Amino acid sequence: MSILGLKKKQPKTFKVKVSTMDAEMEFSCEVKWKGKDLFDLVCRTIGLRETWFFGLRYTVKDTYAWLKPDKQVLDQEVPKDSPITFNFLAKFFPEKVEDELVQEITQHLFFLQVKKQILDEEIFCSPEASVLLASYAVQAKYGDYDPNFHKPGFLAQDELLPKRVLMQYQMTSDMWEEKITAWYAEHRSITRDEAEMEYLKIAQDLEMYGVSYFSITQNKRDTELLLGVDAQGLHIYSPNNKLSPNKSFPWSGIRNISYSEKEFTIKPLDKKKEVFKFYSSQLRVNKLILQLCIGNHDLFMRRRKVDSIEVQQMKAQAKEEKARKKVERQILAREKQMREEAERAKEEMERRLFLLQDEARMANEALLRSEETADLLAEKAQIAEEEAKLLAHKAAEAEHDRQRLEVTALKTKEEKRLMEQKMREAESLAVKLVEQSERRLKEADHLKQDLNEAKDAERRAKQKLLEITKPTYPLIAAYSSPPPPTGPESPDMTVDMGGSIRMDFKDSDMKRLSMEIERERLEYMEKSKHLQDQLKELKSEIESLKLEELKMQNGGQSRNSWKSPNQHTL
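With the working numbering applied, the sequence shown covers -13 to 556.
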């Protein structure tokens, strides 16, 4: 069999990759499938029923195109890659999102797409509106704000603001996060669906929301303009101003739109108004413009008619679903509240348990301390009792000592009085002895004077006697024996008138008198010395008695014993 004779076997299927705003899907499609078959498969897969807003978009050279539903997929200008890549996006935008978007999936896909267009700056948004929209996006993603969980920096990885807004102000990411968080905290109790709807309600009022822009030129003059197609109608813009249109054609005022190759013609409903023509350089773009005009016009007319049975059923189901979810949210809110209250009660119980445990621990410690204190107090009481006994004994001893000291003090006073009396007597005696001594000294001096006078008289008598008795010895012999003295203290001499002299004198009497004088003088000296010693001893005893009396006065409260000094007797 010749190889050239065999026909090349065509594959029956082809692979498709479809990317939505939050997922990617791959399908195996039959070769004969039309665009509607693939579109319906995607819608069934994601559970979408509001299919008239969406389409499958693909890239063609330097522009994009939408997959036609009534034409086979492979017969269109789709990429020849395998798998063929499509983007499932919103092709038409509602006039009022709150009234037209019924399903949550529809709302969620619109939210993601509009959010991306704002961040990519395909839709212009002021800084204030950008911060508010970012706060709703955060609420939709993270739920209610919890300062204990949402710490500073929790938005660091999220793209929430257009780069143009970030570059417009000299603010750090922390400062932007603080502004967004301030709004975010105000959205408490708003569910994800409600937050996304609030986001879309703000975004639909932006000038560039839902507008598809195309470069065109005006008739006759080759002036470059922008054509904008949206849910309201057609708008003509200057190339550098996409916010404020120079001219608008609402769908309600357009009678017909047609194009011939590169020329577009807009015929107003009012025939008196001038027909507007413009040119587009690419035929593919012209077809795209016409598709968008037809689709937006159909939706515009559809909105002004009674909803179809399908839409009514969808809205009823959505209403029931919202009511059911509201009840569930209320139940969940109550359960959450009850759980939070239970957790708070649990925390309170745990706190009270901890406090009770702490109090019990402190009570146990206090009990142990009390027991230790009781033991110490018992020991101290025992010691105090012993000390009390000892103090009582010492008090008795002190009382005994006090009484003894009182007796001793009385004795001491009496002894002091006697000693003072004896001292006065001794002083009197000393005075008398001094007087007697002075008298005796005077007498001794008189005796010495008399003795000296007697000696002088004796010497003179002897001299005279020698003179008289010098011629004759018998006379001397007759008078050699003197007569006895007439008195005990001095000799007598007698000289008669006839010139004869008689002297009676003995040496023994003189010696005896001298010895008596010396003996009396020595006795007086010993008595004087003895009296002085006694006076000194009396003075020292008086001083010691005074000191002991002071000690007794100061030591009456002390327990020191006192001993009386030795007694001396004069």
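All C-beta atoms, glycine included, are put in the ideal place defined by N, C-alpha and C.
Quantities reported herein were computed from a predicted structural model and do not represent experimental measurements.
In the three-state DSSP reduction, Y131 falls in the coil class, being neither helix nor strand. Here I188 really is in contact with L119; their C-beta atoms are around 6 Å apart, less than 8 Å. Taken through DSSP and simplified to helix, strand or coil, A9 comes out as coil.
Burial of H221 is indicated by the presence of at least 16 other C-beta atoms within 10 angstroms of its C-beta. With 16 or more other Cβ atoms from the protein chains shown falling within 10 Å of its own Cβ, W52 counts as buried. Scanning V100, E12, K102 for the CA closest to the CA of S68 turns up E12. Counting only residues of its own chain and dropping the five nearest sequence neighbours on each side, K497 has no CB closer than 6 Å to any other CB. Under DSSP, N242 takes part in a beta bridge, and its partners are K253.
The three-state reading of DSSP puts G33 in coil, since its state is none of H, G, I, E or B. For R43, the enclosing beta strand (DSSP E) covers residues 40 to 46. Of all C-beta pairs linking the segment 58 to 68 to the segment 107 to 121, fewer than three are shorter than 8 Å, placing the two stretches out of contact. CA-to-CA, the gap between F264 and T251 works out to about 7 Å.
Listed as beta-bridge partners of E16 by DSSP are T(-1). Using a Cβ-Cβ distance cut-off of 8 Å, the segment 517 to 528 and the segment 397 to 409 are in contact, since at least three pairs of beta carbons, one from each stretch, lie closer than that value.
Annotation: P236 to A319 spans about 46 Å, alpha carbon to alpha carbon. Your pair E16 and K1 does not check out as a contact, with CB atoms roughly 12 Å apart and the cut at 8 Å. By the C-beta density criterion, Q93 is buried, having at least 16 other C-beta atoms within 10 angstroms.
L276 is the residue among L415, A381, R241, L276 whose C-alpha sits nearest the C-alpha of S198.
DSSP places F72 within a strand segment (E or B) once states are collapsed to three. Annotated three-state conformation of T177 is coil, per DSSP.
Restricting attention to alpha helix (DSSP H) runs no shorter than 4 residues, the segment 267 to 346 encloses them at 269 to 289, ordered along the chain.
Within 10 angstroms of the beta-carbon of W38 lie fewer than 16 other beta-carbons, which makes it exposed.
When A430, V417, L533, N540 are compared, the shortest CA-CA separation from S514 is found for V417. Apart from sequence neighbours up to five positions away, the residues of its chain that approach I176 with a beta-carbon distance below 6 Å are Q125, ordered along the chain.
A straight-line Cα-Cα distance of about 9 Å links E247 and S267.
In terms of Cβ geometry, K301 and D293 form a close pair [threshold 9 Å]. Restricting attention to alpha helix (DSSP H) runs no shorter than 4 residues, the segment 95 to 154 encloses them at 113 to 128, 149 to 154, ordered along the chain.
When DSSP states are grouped into helix, strand and coil, Q389 belongs to the helix group. Within the DSSP bridge table, the entry for P236 names G219 as partners. Per DSSP, the unbroken beta strand (DSSP E) holding A51 starts and ends at 49 to 52. Rounded to the nearest angstrom, the gap between the Cα atoms of I240 and K257 is 10 Å.
Sequence-distant partners of L141 (beyond 5 residues in either direction) whose C-beta falls short of 6 Å from its own C-beta, in its chain, are E163. The criterion of a C-beta distance shorter than 9 Å is not satisfied by L415 and L508. In its chain, beyond the 5 residues on either side, Y50, W52, N73, L75 have a beta carbon closer than 6 Å to the beta carbon of R43. A distance below 8 Å between beta-carbons, with the five flanking residues on each side excluded, links F110 to the following residues of its chain, in chain order: L192, E193, M194, K228, L229. In the displayed model, Q93 falls within a helix according to three-state DSSP.
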